[in-house]
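Shown next, in structure tokens, is the structure this report addresses.
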Amino acid sequence: MLRSLYQRCAPASVRDLARPGETIYRNAQYLAATVSIDPYRMQPWLPRGVRLAEPARADLFCAYFPENSFGSVYREVGLFVHVQVGKKVGIHCPWMIVDDDVALILGREVCGYPKKIGQIEWRHDGDEIVANGTRQGATLVEMHASLGDVVPFPPPILGRPHRNAVGLLGLSMPRLVAFTPNEINVETRVAQLELKLGGTERDPIHAMGIGAVLEARLHRIDIVGGYMPPIPVRPLNPLYLLRGIRPRIL
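0 is the number of the first residue of the sequence shown in numbering that gives the first Met the number 0; add one for each residue after it.
Following this line, the structure appears as structure tokens:
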């Protein structure tokens, strides 16, 4: 039923971007540090009703996307906070920068990733990766990793239930959207990682309670299209925009 509805209703331009069962992203690379989180400092940055998973964790990452269905080669730096979704651990993204405008528009409008344009460096030479993200002249995240063994059964980096916020500007009510990307692990390796964290008034990741690095990995994944787009699950209080305007918009 969903397949028939999708084929009848979705225009060809949309089907070309995300055909169900076909690869949207190929060999997407996430250098991710799983970090501890101070729940009292992080909770104010989450939408009302979204609560942290226990123990409080997040994945801080730099990512490189060499091949995708919309033809952009780009990089991202962001934070995936682990939240409770029923009995599962899901993701909420309170902050992200990207260096491609198409990826920014698609990510913000469709999936609720609060992407802003920044400058991102990604250098991968053998078993060494150097990555960093800057915005408006300030360095926000620096990572230097040495890659180790392959992880046989890695946790997902992206393929968790998402709860993100969309519609944060204008007269419409902001909404919480739900979706779960279809992630296929290509290879995941352990990383010995050095992390330096910055932050500014407009990108206050230093105020989100990010703590010590617990483990680090390089995830190489494919992302496959599905029949279910992001679904609005409930409206958010318009005051949420006022609380989140710095990391999400400014």
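In this text, a Cβ means the ideal position worked out from N, Cα and C, and glycines have one as well.
Inclusion of Ile96 and Gly132 in the CB contact set at 8 Å is warranted, their separation being smaller than that value. Looking at the DSSP output, Pro231 sits in a beta bridge with Val176. Rounded to the nearest angstrom, the gap between the Cα atoms of Tyr73 and Pro65 is 7 Å.
In this structure, Ala27 sits away from Ala144, with a CB-CB distance that is not shorter than 8 Å. Sequence-distant Cβ neighbours of Asn181 in its own chain, meaning closer than 8 Å and more than five residues away, are Gly158, Ile222, Val223, Gly224 and Gly225. Leu146 is the residue among Lys115, Gly77, Leu146 and Gly85 whose C-alpha sits nearest the C-alpha of Asp124. Taking the Cα positions, Asn236 is about 12 Å away from Leu45. In the DSSP assignment, Tyr112 falls outside any alpha helix (DSSP H), carrying neither H nor E.
Taking a C-beta distance under 8 Å as the contact criterion, Leu51 and Val84 do not qualify as a contact pair.
For Gly136, the three-state secondary structure derived from DSSP is coil.
For Leu213, the enclosing beta strand (DSSP E) starts and ends at Ile209 to Val223.
Leu213 counts as exposed, since fewer than 16 other beta carbons sit within 10 angstroms of its beta carbon.
Counting only residues of its own chain and dropping the five nearest sequence neighbours on each side, Pro234 has a CB closer than 8 Å to the CB of Met172, Pro173, Arg174 and Leu175.
Here DSSP, grouped into helix, strand and coil, assigns Gly166 to coil.
In summary, Pro113 is buried, with 16 or more beta-carbon neighbours lying within 10 Å of its beta-carbon over all protein chains present. Just so you know, the alpha carbons of Leu78 and Gly20 end up roughly 27 Å apart. Pro203 and Gly117 have their alpha carbons spaced roughly 14 Å apart. Bridge pairing for His81: Ile90 [DSSP]. Taking the Cα positions, His205 is about 12 Å away from Leu59.
Under the three-state reduction of DSSP, Gly197 is assigned to coil, being neither helix nor strand. Using a Cβ distance threshold of 8 Å, Met41 and Val80 count as a contacting pair. Of the residues assessed, Arg122 falls on the exposed side of the cut-off, its CB having fewer than 16 other CB atoms within 10 angstroms. Within the same chain, Phe79, Arg159 and His161 come within 6 Å of Ile90 by CB-CB distance, once the 5 residues on both sides are set aside.
Residue pairing of Phe60 in beta bridges, as defined by DSSP: Ala31 and Gly77.
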